[in-house]
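**Q** Structure provided below as structure tokens; questions to follow.
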Amino acid sequence: MPELPEAERARQILEQHAVGRTVARVDDTDAFVCRPHPAGEIDGVMHGLVITGARRRGKALWLETDGGIDLALHLGMSGSFRANGAPSPRNWDRFTIWFTDGTHLALHDKRRLGRARLDADRTRLGPDAADVTRADFRRRVGRGRIAVKARLLDQSTLAGVGNLIADEALWRARIGPSVPAASLDEARLDRLRVELRAVIRDALKPGGGSGRGAFARSRRSGTCVRCGAPLERGTIGGRTTYWCTAEQAG
DNA sequence: AGCATTGTTTCACA
DNA sequence: TTGTGAAACAATGC
1 MPELPEAERA
11 RQILEQHAVG
21 RTVARVDDTD
31 AFVCRPHPAG
41 EIDGVMHGLV
51 ITGARRRGKA
61 LWLETDGGID
71 LALHLGMSGS
81 FRANGAPSPR
91 NWDRFTIWFT
101 DGTHLALHDK
111 RRLGRARLDA
121 DRTRLGPDAA
131 DVTRADFRRR
141 VGRGRIAVKA
151 RLLDQSTLAG
161 VGNLIADEAL
171 WRARIGPSVP
181 AASLDEARLD
191 RLRVELRAVI
201 RDALKPGGGS
211 GRGAFARSRR
221 SGTCVRCGAP
231 LERGTIGGRT
241 TYWCTAEQAG
């Protein structure tokens, strides 16, 4: 599920169930999720620290502590947070923080592509896609021979756009996903930014989500819900991509 | 059985 | 050196 909107919801869970609490113990025994930390290292560092903030940039999440150390958390492809839940089946809780008040918070992640690590490097992360400025968007997205969709998926260009939101925004802006990023003029870049932000805004609403837009219905039916033309399917930027053959020709 | 999956990192190559 | 694309990563669901 996780793209920017899901990451923001996850951040709110952290805000509600972690901020203000003191860490009693951490289960960091999943070596893959906690890479490169050996088991016990995060636990040792976090023990006794108070969580002072829950922050997000794009899909990257992190908890701030009164020890000046950040705990970075990433949902990967299938992660979510469960507060005070019953133990999940098949040990799908990959990382758990217990607090001194008896509550706990678990990173539930079937595929184990989620991450928990200390002092992660966020310097190469671009501006958050939800509030990137028009000038910034033009400069960062509208460059290079790379397909515009691949550019949108690059987290150092913009932070937060994933496969579904990229397809949805390009469809709404009527831009072909494979056109070179630098071939878009300012008007089209502005249009893309407006639609991208609208997609994110809708997905942040209650009942929304990254795969709940109008284009998601087209994707299921194989037909553009706007014009009725068949959708094309291909691979762009390493991800399966759908687009309308009539409206997104160029 | 085989293929696809809403993400990131690493590696090869131009 | 920089930009680009493909493969690898892990596990599940169809």
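Residue 1 is where the first sequence starts when you use the UniProt record's numbering, and the numbers rise one by one after that.
For each residue, glycine too, the CB sits at the ideal point set by N, CA and C.
Bear in mind the structure is a predicted one, so any value in this text is a computation, not a measurement.
From what residue to what residue does the alpha helix (DSSP H) around E247 run?
**A** Neither: E247 is in no alpha helix (DSSP H) and is coded neither H nor E.
**Q** Given a cut-off of 8 Å on the beta-carbon distance, is the pair G40 and D27 in contact?
**A** Cβ atoms of G40 and D27: not closer than 8 Å.
**Q** Would you tell me roughly how many angstroms separate the C-alpha atoms of V194 and R143, rounded to the nearest one?
**A** The alpha-carbon atoms of V194 and R143 are separated by roughly 18 Å.
**Q** Note down the Cα distance separating A54 from H37, rounded to an integer number of angstroms.
**A** Approximately 21 Å between the Cα atoms of the pair.
**Q** Would DSSP call W92 helix, strand or coil?
**A** Of the three classes helix, strand and coil, the one that applies to W92 here is coil, per DSSP.
**Q** Determine the contact status of K149 and G237, defining contact as a CB-CB distance below 8 Å.
**A** For K149 and G237, yes; Cβs fall inside 8 Å.
**Q** Please go through the same chain and pick out, in chain order, the residues whose beta-carbon is closer than 7 Å to the beta-carbon of R191, but skip the five residues on each side of it.
**A** These residues qualify, in order along the chain: A173.
**Q** Would P5 be called buried (16 or more neighbouring beta carbons within 10 Å of its own) or exposed?
**A** So P5 counts as buried.
**Q** On the criterion of 16 or more Cβ atoms from any shown chain inside 10 Å, does G68 qualify as buried, or is it exposed?
**A** It is exposed - the Cβ of G68 has fewer than 16 other Cβ atoms within 10 Å.
**Q** If A203 sits next to R212, beta carbons under 8 Å apart, how far is it from one beta carbon to the other, in whole angstroms?
**A** Yes, A203 and R212 are in contact; Cβ-Cβ is about 7 Å, under 8 Å.
**Q** By how many angstroms is the C-alpha of I51 removed from the C-alpha of S218?
**A** Taking the straight line from one Cα to the other gives about 43 Å.
**Q** What do you get for H47, buried or exposed, if any count of 16 or more other CB atoms within 10 angstroms of its CB means buried?
**A** So H47 counts as exposed.
**Q** Rounded C-beta distance between E8 and R56? I'm assuming under 8 Å.
**A** The pair is a contact, with the Cβ atoms about 6 Å apart (cut-off 8 Å).
**Q** Could you pull the DSSP bridge partners for A60 from this structure?
**A** R57.
**Q** For A18 versus I146, is the C-beta spacing smaller than 8 Å?
**A** Not a contact, by the Cβ cut-off of 8 Å.
**Q** First and last residue of the beta strand (DSSP E) that includes L153?
**A** Per DSSP, L153 belongs to no beta strand (DSSP E); it is in the alpha helix (DSSP H), V148 to L153.
**Q** Restricting to Cα atoms, I'd like to know which of G208, T133, G207 and T241 is closest to R220.
**A** Among G208, T133, G207 and T241, the Cα nearest to that of R220 belongs to T241.
**Q** Hey, residue 251 and L63 are a contact pair by Cβ (cut 8 Å); roughly how many whole angstroms apart?
**A** The requested residue 251 is not part of the displayed model; the chain covers only 1 to 250.
**Q** What are the start and end residues of each continuous alpha helix (DSSP H) run of 4 or more residues lying completely inside the segment 161–188, in chain order?
**A** The segment 161–188 contains these whole alpha helix (DSSP H) runs: 163–173.
**Q** I want to know whether the segment 164–173 touches the segment 116–125 - three or more CB-CB distances under 8 Å.
**A** The segment 164–173 vs the segment 116–125: no contact.
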